Amino acid sequence: MPTMEDALKNALENALKQAYDLDADVIHIEQPKDKQNGDFSTNLAMTLAKTLRNNPFVIAETNKEKLELPSGVDRVEVARPGFINFFVSEDYLSDIIPEILEKGEQFGASDIGKGTHVNIEFVSVNPTGSMHVGHARGAAAGDSMARVMKKAGFDVTKEFYVNDGGNQIHNLALSINVRYHELFGRTLEMPGDAYHGPEITELAETIKAEHGDRYLYEDGYTYFREYGVKYLLDGIKNDLAAFDVEFDVFFSEKSLYDNGEVANTLKFLKENGHTYEKDDALFLNTTDYGDEKDRVIVKRDGTYTYLLPDIAYHKNKLSRGFDKLIDILGGDHHGYIPRLKAAIQMVGGKADTLEVDILQIVKVLREGKEVKMSKRSGKAISLRDLVDDVGKDAVRYFFSRHSLNTHMDLDLDLAIKKTNENPVFYAQYAHARINSLFEKAAEQGYEPDASIQTYQALTNEQAKDIMKLLMNYPSLIEEAATKRIPHKITNYVHTLASALHSFYSAVPILKGEATHIREHLNLLEATRIVLKDALFLIGVNAPRSM
RNA sequence: GUUCCGGUAGCUCAGCAGGAUAGAGCAACAGCCUCCUAAGCUGUAGGUCAGGGGUUCGAAUCCCCUCCGGAACGCCA
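Pasting the structure below:
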């Protein structure tokens, strides 16, 4: 079914041809914020004013006269500077209801992604501690992005890169060792880059419970490494599950060393002339691809920098057949983008194969003061605690509201205390309200009826507002998916919930004639379907009652 | 010094592939439950869109400069 935008563009093109014998290159159709200005609008006349050397108002009028209105458009008006405004008919609006009832949760799905294989890597926190609230934003954003892109026809793989191979795991093992010894009253000095989180002590306690004092007498290093990573990664997985974030792949950095991919990548880079030696170190020629300076991949002491296994990892992703790689990184890693983009091209990707979405760091406030999130210090506030306090839905809704590059503040006192005023309940309540009405309707012998095809009763402003919003859902999905801006969904949820509440207050739904009740119930069912689906996209439950 | 983000109502933020009177939530104020869940609705008030130039018929939105805040500029990850 062609969209109204396309139909209008067509009609305008024809009108232009007749009136001025002109082929318009781009016709921009928009939806005015103010309903006074129609349901759809074009600024065509203004953009043509210069080439036609005429008053935009006159051009608009001329166009209007030649216009053959597509079905569904009631009337056309020309407004002040030269806007051409289109008003849509009630029949056209209500056609959306049977469509939604028929498609159900498939409504809004599209094939705009054309099955493109997309890998979204996000969270990827080091298994050296628990997830803290700073990580939650990335988890919410990546997961929602994946859900929206799936809905838009992309073939999405969600991936978590487990940094289990580097130096931080060495520090983790040392930290565990210190805590373990402390459990037996022995004080060792914490190394400089140690991890001080309480979870490290818990970890040591489980080792003690299982192995007693064994590692006082034999070297526990290797065991601490393996056990520590597993223990902490399991914890992270649990935290993610509680946050309704699931990954398709947990990819181990260590595996890249074990199966030789890191070494092979190094060889590959050397053989293709992307490296050179200098100061006893091996440099990667990233400036060839626009980086500001070349980067070391093999240090003077012979060990690798973080970059090399990372290149191997991205090479591996490419080898798995992904057309598009998306990395969601924290704002503190933005400087890393040019070298990654350079590297991806060295190993066979194109410049735009990799896209890095930067997520600004969350500033967490407690008692009016900033709380620095750091696993090393151990002072971070865990995601689990926050989810336990305010609930998964509230936290996800909160993080999903803002665009990725907003420097957002999270006031913990506010977030926890104001549970009942959290906007997530506003949206969920709309869904619960609809269900509640259905129960009442059932008592009167009514229920949504998908066989109804024509509508006469949905004439009030509030009902029309809802239908217009419902009609916009498919294009919303497309925009959110292609621009990768999941927060747009959250915005929509709020707007739709608001329209529902207004409708509910203005119209005594179960009081009218039978046909009115039936039509209204169908409108509500369509709303419920879309509301639930949109909430799902941002990882928020749609409760039947509250 | 360079690079990347941000600066919009008292607070938290939308709006930024230019469009019509700049929006929402919270906070404030005034109304609305003998009636389908008041976690709701309706209305009022609140803005020099950091500042200054420029492009344009039209700029919160695009370009340049300045100021303020955050982040990054490692043979750490």
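The first sequence begins at 8 in this note's numbering and counts up one residue at a time.
Backbone N, C-alpha and C fix where the C-beta goes; we use that ideal spot for every residue, glycine too.
These numbers come from a predicted model, not from an experiment.
Using the three-state DSSP reduction, which class does residue i fall into: helix, strand or coil?
i	result
residue 381	coil
residue 283	strand
residue 49	strand
residue 252	coil
residue 509	helix
residue 416	strand
residue 232	helix
residue 458	coil
residue 33	coil
residue 265	helix
residue 441	helix
residue 391	helix
residue 370	strand
residue 288	strand
residue 362	strand
residue 407	helix
residue 539	helix
residue 376	strand
Going by C-alpha to C-alpha distance, which of the options sits closest to residue i?
i	options	result
residue 133	146, 169, 43 and 540	169
residue 528	300, 459 and 540	459
residue 502	476, 523 and 295	476
residue 206	490, 192 and 235	235
residue 215	195, 423, 251 and 187	187
residue 457	424, 392 and 526	526
residue 142	519, 401, 371 and 433	371
residue 97	39, 466 and 185	466
residue 154	551, 56 and 491	491
residue 549	431, 450 and 210	431
residue 149	123, 70, 255 and 197	255
residue 122	244, 329 and 443	329
residue 494	422, 452, 413 and 451	413
residue 411	190, 25 and 364	364
residue 437	391, 533, 354 and 395	533
residue 317	354, 543, 179 and 37	354
residue 547	70, 307 and 250	250
residue 144	496, 415, 439 and 245	415
residue 340	129, 10 and 65	129
residue 287	397, 309 and 276	309
residue 455	429, 111, 396 and 56	111
Keeping to the same chain, check which residues put their C-beta closer than 6 Å to that of residue i; ignore five residues upstream and five downstream.
i	result
residue 484	115, 158 and 159
residue 537	477 and 480
residue 469	509, 510 and 513
residue 321	351
residue 293	301, 302, 346 and 349
residue 531	441
residue 22	70, 73 and 74
residue 185	195 and 197
Taking 8 Å as the threshold (C-beta atoms), are residue j and residue i in contact?
i	j	result
residue 407	residue 248	no
residue 399	residue 360	no
residue 388	residue 366	no
residue 166	residue 258	yes
residue 91	residue 83	yes
residue 514	residue 541	no
residue 462	residue 107	no
residue 139	residue 383	no
residue 238	residue 269	no
residue 298	residue 373	no
residue 76	residue 18	yes
residue 342	residue 368	no
residue 240	residue 323	no
residue 358	residue 295	no
residue 6	residue 314	No statement about residue 6 is possible, as the shown extent of the chain runs from 8 to 553 and does not include it.
residue 137	residue 93	no
residue 68	residue 85	yes
residue 445	residue 422	no
residue 181	residue 135	no
Starting from the C-beta of residue i, find all residues in its chain whose C-beta is less than 7 Å away, skip the five residues before and the five after it, and write them out in chain order.
i	result
residue 117	159, 160, 481, 484 and 485
residue 53	63, 88 and 89
residue 156	120, 125, 163 and 488
residue 447	517
Got a sec? Which residues, its chain only, sit under 8 Å from residue i by beta carbon, not counting five neighbours each side?
i	result
residue 177	232
residue 290	282, 283, 284, 301, 302, 303 and 304
query: Along the chain, which unbroken stretches of the alpha helix (DSSP H) at least 4 residues long are found entirely within the segment 129 to 191?
result: 140 to 158 and 174 to 189
query: Residue ranges of each alpha helix (DSSP H) run of no fewer than 4 residues wholly in the segment 464 to 507, ordered along the chain?
result: 468 to 489
field: Whole runs of the alpha helix (DSSP H) within the segment 65 to 131, excluding any shorter than 4 residues
entry: 97 to 101 and 103 to 110
- prompt: Can you list, in chain order, the stretches of the beta strand (DSSP E) that have 3 or more residues and sit fully within the segment 292 to 357?
  reply: 302 to 305 and 331 to 337
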